[in-house]
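A.B. asks: Sending over a structure as structure tokens; questions will come in a sec.
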DNA sequence: TATTAACACGAAAACGGTTTCGTGGTTTAA
DNA sequence: TTAAACCACGAAACCGTTTTCGTGTTAATA
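Residue numbers (the numbering used here), protein chains in the order written: chain A, 11 to 349; chain B, 11 to 349.
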């Protein structure tokens, strides 16, 4: 087993000082050509690579970015991570991923752990429980320590920091608008409980579009599904309970799942009933019929988040100018709506 | 902005030495009750937390695990990460995720970067290109340096290390066996190019099951789709080219996609043609008809990989006893086959 | 009373780098 | 010939911990 070689080893072997080795490897002008060549050759031969930890300690910079997301088995979040990875790696940063599992406590623990020197900054989406509790002290503490933070998708006004979101309101608005233009009169919304910032925004867009198209806002046409999973009975009752000829869902699982239930009831899609989901992901693409969806541009979002973060990390100023980047939601039309 | 406090700050403030502070915070017997209480109270008040980087440098242990996967936007890999995260966090480890993007070079770069002190061990699945090139020197270098390595799913015999895989051969065998027992005579296989270890194993299981059921192995019934994406024309031609009444696919995208093409051609599923995929993921569950699939137990795999790795990381011995854990593949039956 | 043990703490080295400053020896200019 | 300038390198501090090994003071023992 060949252990990793250090400056000290090289110095001892070549009978020079550690400082000389360090400078030689950085091609410092201070060191003579002969000595540099000798040292560089030796280092190359023994495949010397500086120890990241030591450099981090010295520089007080780790070149690591901490990412905390509610769930990793979720298409949208993985596309965001891909974007973060892509941009960060190009800038020489590594990504430490932590999963809060929608739990407030895990979010806090993970943040505190990483905040003690492991990372240069955070990118995160709030857990469900955090949004429900509306407690953001862990975020505030981190920003007060001067650690840059970028929030994406699931954000809050309570914390002053950079943010990246899509225009959820507008996305929902476009979707409902399209359904209305197709002549749909009974447009339903299947959503989560309303403590999610994104769900509230989407519901607002939904209502606005109805009004702007002269359709009445009927609260019976809104179904709230608790804790992110589809209660089949509730959806069945919902579909039976009234005339519905179009459904907007706040995520693709809700959409694909309820579309399937509708099919099972004998509805023809899109003729009898149209469906639109959020998160233009893999499910939307491969569903049958394939699902029209509001694209959330996760990868783009990740890239922008990473860019904003690294900018702050590498800035020498401490001025507090925070911005919120709003990406345009776009509609990806497929078979589940009439085009 | 309140900067993070260090031992030195506490020491200066309380007019004791750094060593005393360090010991007091560890509740050392060496320090008097009075002094300890004073120091601990002060530390608590100012929310002192030791700097991870400094501890890592001292201990030569980072409590970080490096995970390198080919792609993060892929259900199976995310479930593995979830498993790794779960086990690792419980043991106090963080997970650094790097994506090789199926590229040999990126895999090498990521490994080298992390190997310089950033992590205590690696968990990885080989990139497509690495398997194609059959070049594993970067892995060997890492293990020679004494850094523990666990390979999962996409493994190789060329490297001596711990491994976790599922019984791909048997999974395919079970699947084809079931199709044969259902009376299918013309069972096709849609697979990737054969440099993937998993694809080879699955193809072997497929052939064995055919033979054991008295069916002839017909190479015309095997379709190789290059570079992981579905060429619709190729699949259409394949389905038209001969009588096929069942298809085994080596992943769920192939399965769901070709099932959709078959449906479009007017095939009734599962009556006219049955489908079975690998990777019992979200697509399989929500497809219509829902897809019978060979479950790969990604989360379990991740947990085991993490367990094996941490065991090696925390072992003080350097003895080289490597094992390969083989998980049983199980068949998840759904609507795309007759049960 | 002299010796020893126990106690409570500090100095310093170590982890592996970077960087500032100092210095001995040579070269150049006066 | 002497002073100044320059070259090439080393010593040491520093980043924030942990840990070993003293050491001065007090208490217990002979």
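C-beta: ideal position from N, C-alpha, C; glycine also.
Note that this is a predicted model, so its numbers are computed, not measured.
(1) Mind checking the segment 21-42 of chain B against chain A and listing, in chain order, the residues whose C-beta falls within less than 9 Å of any C-beta there?
(2) Rounding to the nearest angstrom, what Cα-Cα distance links residue 318 (chain B) and residue 87 (chain B) in this structure?
(3) Are the CB atoms of residue 265 (chain A) and residue 354 (chain A) within a distance shorter than 7 Å?
(4) Under 8 Å by Cβ, that's how I've got residue 336 (chain B) and residue 187 (chain B) pegged, so tell me the actual separation to the nearest angstrom.
(5) Please check if any C-beta of chain A sits within less than 7 Å of the C-beta of residue 195 (chain B).
(6) Which residues, in chain order, does the segment 260-294 of chain B contribute to contact with chain A at a C-beta distance below 7 Å?
(7) Closer than 8 Å is the cut-off here; do at least three beta carbon pairs connect the segment 154-167 of chain B with the segment 309-324 of chain B?
(8) So which residues of chain B does residue 296 (chain A) contact, with C-beta pairs closer than 8 Å?
(9) By DSSP, does residue 73 (chain A) sit in helix, in strand, or in coil?
(10) Exposed or buried, residue 261 (chain B), counting other C-beta atoms within 10 Å across all chains shown (16 or more means buried)?
(11) Does DSSP put residue 174 (chain A) in a helix, in a strand, or in coil?
(12) How about residue 137 (chain A) and residue 168 (chain A): do their beta carbons lie closer than 7 Å?
(13) Is the beta carbon of residue 254 (chain A) less than 7 Å from the beta carbon of residue 303 (chain A)?
(14) For residue 67 (chain A), decide whether its Cβ has a neighbour in chain B, counting only Cβ atoms nearer than 7 Å.
(15) For chain B, check one thing: does any of its Cβ atoms lie closer than 7 Å to the Cβ of residue 11 (chain A)?
(16) Which same chain residues end up closer than 8 Å to residue 122 (chain A) when comparing Cβ atoms and leaving out the 5 residues on each side of it in sequence?
(17) For residue 170 (chain B), count neighbouring C-beta atoms within 10 Å of its own C-beta (all shown protein chains included) and say buried if the count is 16 or more, exposed if not.
(18) Residue 127 (chain B) CB to nearest chain A CB: under 7 Å?
(19) Given a threshold of 16 other Cβ atoms within 10 Å of its Cβ, counted over all protein chains shown, does residue 11 (chain A) qualify as buried or as exposed?
(20) Can you name the residues of chain B whose CB is closer than 9 Å to the CB of residue 60 (chain A)?
(21) Name the DSSP beta bridge partners of residue 220 (chain B), please?
(22) Give me the Cα-Cα distance between residue 48 (chain B) and residue 104 (chain B), rounded to the nearest whole angstrom.
(23) In chain order, which continuous runs of the alpha helix (DSSP H) of length 4 or greater are located wholly inside the segment 181-259 of chain A?
(24) Taking a Cβ distance cut-off of 7 Å, strictly less, list which residues of the segment 90-103 of chain B are near chain A, in chain order.
(25) Taking a contact to mean a Cβ-Cβ separation below 7 Å, would you say residue 98 (chain B) touches residue 75 (chain B) in this structure?
(26) Below 7 Å between beta carbons is the criterion; list the residues of the segment 150-161 of chain B that meet it against any residue of chain A, in chain order.
(27) Smallest Cα separation from residue 236 (chain B): which of B:307, B:246, B:205?
(28) With distances taken from CA atoms, which of B:226, B:130, B:142 is nearest residue 115 (chain B)?
(29) Short check: CB of residue 209 (chain A) to CB of residue 280 (chain A), under 7 Å?
(30) Roughly how many angstroms separate the alpha carbons of residue 57 (chain B) and residue 15 (chain B), rounded to a whole number?
(31) What does residue 160 (chain A) pair with, by DSSP beta-bridge criteria?
(32) Can you pull the chain B residues whose beta carbon is under 9 Å from the beta carbon of residue 56 (chain A), in chain order?
(33) If you compare alpha carbons, which of A:69, A:43, A:202, A:228 is closest to residue 195 (chain A)?
(34) My output table needs one value for residue 285 (chain A): the three-state DSSP class, helix, strand or coil.
(35) For residue 135 (chain A) and chain B, any beta-carbon pair shorter than 7 Å?
(36) Give the interface partners of residue 64 (chain A) over in chain B, defined as CB-CB distance under 8 Å, in chain order.
C.D. replies: Quick look at the numbers:
(1) none
(2) 18 Å
(3) Because chain A in this structure spans residues 11 to 349, residue 354 (chain A) falls outside the shown range and cannot be described.
(4) With a Cβ gap of about 19 Å, residue 336 (chain B) and residue 187 (chain B) do not count as contacting.
(5) no
(6) Result list: 266, 267, 270, 273, 292, 293.
(7) yes
(8) 263, 266, 267, 270, 293, 297
(9) coil
(10) Buried: at least 16 other Cβ atoms inside 10 Å.
(11) strand
(12) no
(13) no
(14) With 7 Å as the cut-off, residue 67 (chain A) counts as an interface residue toward chain B.
(15) Contact of residue 11 (chain A) with chain B is assigned, a C-beta pair being separated by under 7 Å.
(16) 148
(17) exposed
(18) yes
(19) exposed
(20) 126, 127
(21) BP columns for residue 220 (chain B) are empty, so no partner.
(22) 32 Å
(23) 207-222, 242-251
(24) 91, 92, 95
(25) yes
(26) 154, 155, 156
(27) B:205
(28) If you compare the alpha carbons of B:226, B:130, B:142 with that of residue 115 (chain B), the shortest gap goes to B:142.
(29) no
(30) 8 Å
(31) A:133, A:172
(32) Within 9 Å of the CB of residue 56 (chain A), no CB atom of chain B is found; the nearest one sits about 12 Å away.
(33) When only C-alpha atoms are compared, the closest one is A:228.
(34) Note: residue 285 (chain A) maps to strand in three-state DSSP.
(35) no
(36) 67, 127
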